[in-house]
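**Student:**
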Amino acid sequence: MRIPVTVYKTFFSKPGVGMPVNFSKFLAKDTSLAFQGKSKYAVEADLGTTALQIEDILKQNFSDAKKQVDMVFADLKTVDYIQNRYKSAVSIHAKILRGANKGRIDSFESAKNFVLDGIGSRIVSKSLKPLNGKEITQMIDDLKINDKFLTSEQKVLLKKYIYGRKLTPEQQAEAFPLYEKFARPLIEKRSQPVVDNLLLSITKNRMLKEGLTIEEIKTRNLLTDDLIKRLQTEKIEPLEITLVNNYRGFNGLPEFSNRQIQAIRKATENRVVVRSRPDLADYNKFPNQGYTGDEIKDFALKRSGYRTAQANVIHSNGMLGELQFRGEYTNRFAEYEHIAYDLRQGKNTLGELFDDFKTAVSKLSDAEYDKYNVYLEKCYNYYNRLELGLPAVKPKLPKDFDKILSDDSLRNLHDINDAMLRNQNKDFKAHFVTIA
Amino acid sequence: MVKYELAKIKNRNILMVPKGLGDMSFNGRVDDIIAKMKERIEREVPDKGFFRNFAEDLSLDKREFFGKAAALCIERDENIDGNALLLLSVLHPSMNVDASVMLASGTRKTLLEYMNKKDFKNEVINTIHELSESLKG
């Protein structure tokens, strides 16, 4: 009797970027997964096969999902452009490998569902027209907090904050909540059309799937009258959302205001989970838990001040996807600001071009890295100010840091690297290599 | 006599918690925050106009839950005057993120009616479990 031999190969999706694959399972279209008693390599190769199979499903369903996102958001005047992509097999492999290590994956279905961002869409909003001094002063004069106009001292403090004047840490802490309230109309002006269309899609989906009626929407105050009218007269593409994450840094503004998040909560009722930073709420959400803002800051996962509103969605064709909402400058900065973080985490997929940058990052002590993250957060806030039409001063890299770590240098490296990769990938075809 | 752990709470933004509260069972503590929230909604949510958001929380046993704490929160509805959102939130063990859902929204009367439903406590307990699990991802 012949014992079947398992054939393993390496799959290359880009030059130098590969993953192990159980080729026998791939040919047999076998989607089963069993890890017990297998070597580390065999498990990784089985997951490599699963990654290719998931990528194939994503490829087949990508076009419909993309079309759906475009139909919801592309015609909005506030939207600059939309980027859509499906996750590559190599990225899927890295992700499900992490899931398997956490014990979260034991079948093809669980692996597929673990890749929540299999289809990703980035909805990038246009920036607002820059505000002049008179308009800013008028906005400050009109600002009411808790139904009260600002005192003259608060107005002076807020103005200083807006114009980036030097403030003590205490003054900054006092000014930031005022700045948040001041900027809310600008945040909403930029993102309201996108949020409105999202609300309509969510509600349309509920009408189709749950039989929710217009009468119920009205009596339960799920949407405003204007949106109900649109729901009745326009063709709306349904989208289901399951999770919203409104990322922002400690001193950063969110992409969606709390009022907009509340509107999303109401449109979905109890069907959506919202993740947020409890320390940035305007009340103490967990009054009996002993933490301070500073402790939270130390724990923060996105310490660079990453700011994006993200929603996990289920497309009409059943595909899981992720929508990211952000502005044009933030989008550009977010493409490369994470490189230092990735290097600190031990991820090293960068070419020789980044050698000096890698050395500079590896030399940073933990305290210096914290300081570097403060700089990155300032960059995020600077770009966000530009997007909102507010006065903005480009932050300077702290004097004692290697210049290669600066925003300009990192962007430059990223752009050169991108061009090089595009060139390398031009004639490259994904392929398998047999293992000797 | 009520004892306070002053050394621990110095410079921290927490309320003084009498020792012994932690001894109450999970069920008892859920009953406790529901009762406290009902009282506060009755007292603090007006028919119209501004009011401050508030929350009541309980610590979660790490042998049973991934999340560190759960809270019932009341947020003023920023879209409709006189309305509020009742949220349930679970804090990640690292405390840098929480996951929350809206349980109900409406006027003070609507919220209290919702909380007086027979199965409200079960909804709270089940949702704490679900949110706690969701934070693992």
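Protein chains in written order, with the numbering used here: chain A, 47 to 482; chain B, 1352 to 1488.
Backbone N, C-alpha and C define an ideal beta-carbon position, used for all residues, glycine too.
1. On the three-pair Cβ rule with 8 Å, is the segment 1387-1394 of chain B touching the segment 307-322 of chain A?
2. Which first and last residues belong to the beta strand (DSSP E) in which A:N358 is found?
3. Run through chain A and tell me which residues come within less than 9 Å of B:N1378, C-beta to C-beta.
4. Check whether the Cβ of B:F1401 lies closer than 8 Å to any Cβ atom in chain A.
5. With A:H477 as the anchor, note down where its beta strand (DSSP E) starts and where it stops.
6. Buried or exposed: which applies to B:M1453, given that a residue is buried once 16 or more other Cβ atoms fall within 10 Å of its Cβ?
7. Would you mind giving the Cβ-Cβ distance between A:R294 and A:Y382, rounded to the nearest angstrom? I have them listed as a contact below 8 Å.
8. Anything in chain A within Cβ reach of B:K1472, meaning under 9 Å, just list it in chain order.
9. Checking 8 Å against the spacing of the C-beta atoms, do A:P239 and A:T124 come in under that value?
10. Are the C-beta of A:A309 and some C-beta of chain B separated by less than 8 Å?
11. Which residue spans inside the segment 236-309 of chain A form an unbroken beta strand (DSSP E) run of at least 3?
12. Considering only the alpha carbon of each residue, which of A:F119, A:F57, A:F108, A:K105 lies closest to A:E90?
13. Can you list, in chain order, the residues of its chain whose CB lies under 7 Å from that of A:L512, leaving out five sequence neighbours each side?
14. Any beta-carbon of chain D closer than 8 Å to the one on B:F1417?
15. Relative to the alpha-carbon of B:D1382, which residue among B:N1467, B:E1484, B:L1482 has its alpha-carbon at the smallest distance?
16. Among B:A1406, B:G1400, B:N1378, which has the Cα closest to the Cα of B:L1439?
17. Within 10 angstroms of its Cβ, does B:L1372 collect 16 or more other Cβ (buried), or is it exposed?
18. Just the C-alpha distance for B:N1473 and A:F72, rounded to the nearest angstrom, thanks.
19. Check whether the segment 153-170 of chain A and the segment 111-124 of chain A touch, using three or more Cβ-Cβ pairs below 8 Å as the test.
20. DSSP on A:P61, reduced to helix/strand/coil?
21. So A:I165 is in the beta strand (DSSP E); what residue range does that whole segment cover?
22. Report the partner residues of A:G94 according to the DSSP bridge assignment.
23. Using the DSSP secondary-structure output, state which residues sit across from A:E368 in a beta bridge.
24. Among A:I260, A:Y329, A:D152, A:L232, which has the Cα closest to the Cα of A:S303?
25. Is A:L389 buried or exposed, if buried means 16 or more other CB atoms sit within 10 Å of its CB?
26. What would DSSP say about A:V318, mapped onto helix, strand or coil?
27. Tell me, please, which residues DSSP counts as bridged to A:C425.
28. Is it buried or exposed for A:P66, if we count other Cβ within 10 angstroms and need 16 for buried?
29. Report the neighbours of A:Y319 on chain B: residues whose CB is nearer than 8 Å to its CB, in chain order.
30. Which word fits A:S59, buried or exposed, when buried means at least 16 other C-beta atoms lie within 10 angstroms of its C-beta?
31. Mapping DSSP to helix, strand and coil, what is A:E381?
32. Which residue from A:L268, A:P441, A:G210 puts its Cα closest to that of A:I307?
33. What is the DSSP secondary structure of A:D461, counted as helix, strand or coil?
34. How far does the beta strand (DSSP E) with B:R1427 in it reach, from first residue to last?
35. Does any residue of chain A bring its CB to less than 8 Å from the CB of B:A1420?
36. Do A:A309 and B:N1430 have their beta-carbon atoms positioned less than 8 Å apart in this structure?
**Tutor:** The structure says:
1. no
2. Numbered from its first residue, the first sequence carries residue 358 of chain A at position 312. First-last of the beta strand (DSSP E) with A:N358: 354-360.
3. Here residue 1378 of chain B corresponds to residue number 27 of the second sequence, with the count starting at 1. None at all; the shortest Cβ gap to chain A is about 18 Å.
4. Numbered from its first residue, the second sequence carries residue 1401 of chain B at position 50. Closer than 8 Å: yes.
5. Here residue 477 of chain A refers to the residue found at position 431 when the first sequence is read from its first residue. Element bounds for A:H477: 477-480.
6. As a working mapping, residue 1453 of chain B is identified with position 102 in the second sequence. Buried, since its Cβ has 16 or more Cβ neighbours within 10 Å.
7. As a working note, residue 294 of chain A is residue 248 in the first sequence. As a working note, residue 382 of chain A is residue 336 in the first sequence. Actually they are not in contact, since the Cβ atoms of A:R294 and A:Y382 sit about 19 Å apart, beyond 8 Å.
8. In the second sequence, residue 1472 of chain B corresponds to position 121, counting from 1. Result: empty, since nearest Cβ-Cβ is about 15 Å, beyond 9 Å.
9. Looking up residue 239 of chain A in the first sequence gives position 193. Looking up residue 124 of chain A in the first sequence gives position 78. Yes, Cβ-Cβ distance for A:P239 and A:T124 is below 8 Å.
10. Translated into positions along the first sequence, residue 309 of chain A becomes position 263. Closer than 8 Å: yes.
11. 286-293
12. For the purposes of this step, residue 90 of chain A is taken as the residue at position 44 of the first sequence. Per the Cα distances, A:F57.
13. This structure cannot speak to residue 512 of chain A, because chain A is shown only from 47 to 482.
14. The displayed structure is made up of protein chains A and B, and chain D is not among them.
15. Within the second sequence, the letter at position 31 stands for residue 1382 of chain B. Ranking B:N1467, B:E1484, B:L1482 by Cα distance to B:D1382 puts B:N1467 first.
16. For the purposes of this step, residue 1439 of chain B is taken as the residue at position 88 of the second sequence. Ranking the options by Cα distance to B:L1439, first place goes to B:A1406.
17. Sequence index remark: in the second sequence, residue 1372 of chain B carries index 21 (1-based). Confidence at B:L1372 is low in this model, with a pLDDT of 47, below 50, so the placement of that residue should be treated as unreliable; the coordinate-derived value is given next. Counting Cβ neighbours within 10 Å, B:L1372 comes out exposed, since fewer than 16 surround it.
18. Residue mapping note: residue 1473 of chain B aligns to position 122 of the second sequence, counting from 1. Residue mapping note: residue 72 of chain A aligns to position 26 of the first sequence, counting from 1. Going from the Cα of B:N1473 to the Cα of A:F72 covers about 46 Å.
19. yes
20. As a first step, residue 61 of chain A must be located in the first sequence, where it is residue number 15. Reduced to three states, the DSSP call for A:P61 is coil.
21. Counting from one through the first sequence, the residue named residue 165 of chain A turns up at place 119. A:I165 -> beta strand (DSSP E) spans 165-171.
22. Taking the first residue of the first sequence as position 1, residue 94 of chain A is located at position 48. According to DSSP, A:G94 bridges with nothing at all.
23. Taking the first sequence and counting its residues from 1, one reaches residue 368 of chain A at position 322. Bridge partners of A:E368: A:G166, A:N358.
24. As a first step, residue 303 of chain A must be located in the first sequence, where it is residue number 257. The shortest Cα separation from A:S303 among A:I260, A:Y329, A:D152, A:L232 belongs to A:L232.
25. Here residue 389 of chain A corresponds to residue number 343 of the first sequence, with the count starting at 1. Its Cβ being crowded by 16 or more others within 10 Å, A:L389 is buried.
26. In the first sequence, the residue the question calls residue 318 of chain A occupies position 272. Note: A:V318 maps to coil in three-state DSSP.
27. For this step, residue 425 of chain A is matched to residue 379 along the first sequence. Answer is none; A:C425 lacks a bridge partner.
28. As a working mapping, residue 66 of chain A is identified with position 20 in the first sequence. With 16 or more Cβ atoms within 10 Å of its Cβ, A:P66 is classed as buried.
29. Counting from one through the first sequence, the residue named residue 319 of chain A turns up at place 273. Reading the sequence as shown, one finds Val at residue 319 of chain A and not Tyr. Those are A1450, S1451, V1452, L1482, S1485, listed as they occur along chain B.
30. On the first sequence, residue 59 of chain A is found 13 positions in, with the first residue counted as 1. Its Cβ being crowded by 16 or more others within 10 Å, A:S59 is buried.
31. Reading the first sequence from its first residue, position 335 is the one you call residue 381 of chain A. The answer is coil: DSSP assigns A:E381 none of H, G, I, E or B.
32. As a first step, residue 307 of chain A is located in the first sequence; it is residue number 261 there, counting from the start. When only C-alpha atoms are compared, the closest one is A:L268.
33. Taking the first residue of the first sequence as 1, we reach residue 461 of chain A at position 415. In the structure shown, A:D461 sits in a helix (DSSP, three-state: H, G or I).
34. Working through the second sequence from its first residue, we reach residue 1427 of chain B at position 76. Unbroken beta strand (DSSP E) run through B:R1427: 1420-1427.
35. On the second sequence, residue 1420 of chain B is found 69 positions in, with the first residue counted as 1. Cβ-Cβ to chain A under 8 Å: yes for B:A1420.
36. Residue numbering aside, residue 1430 of chain B sits at position 79 when the second sequence is read from its first letter. Residue numbering aside, residue 309 of chain A sits at position 263 when the first sequence is read from its first letter. Contact flag set, yes.
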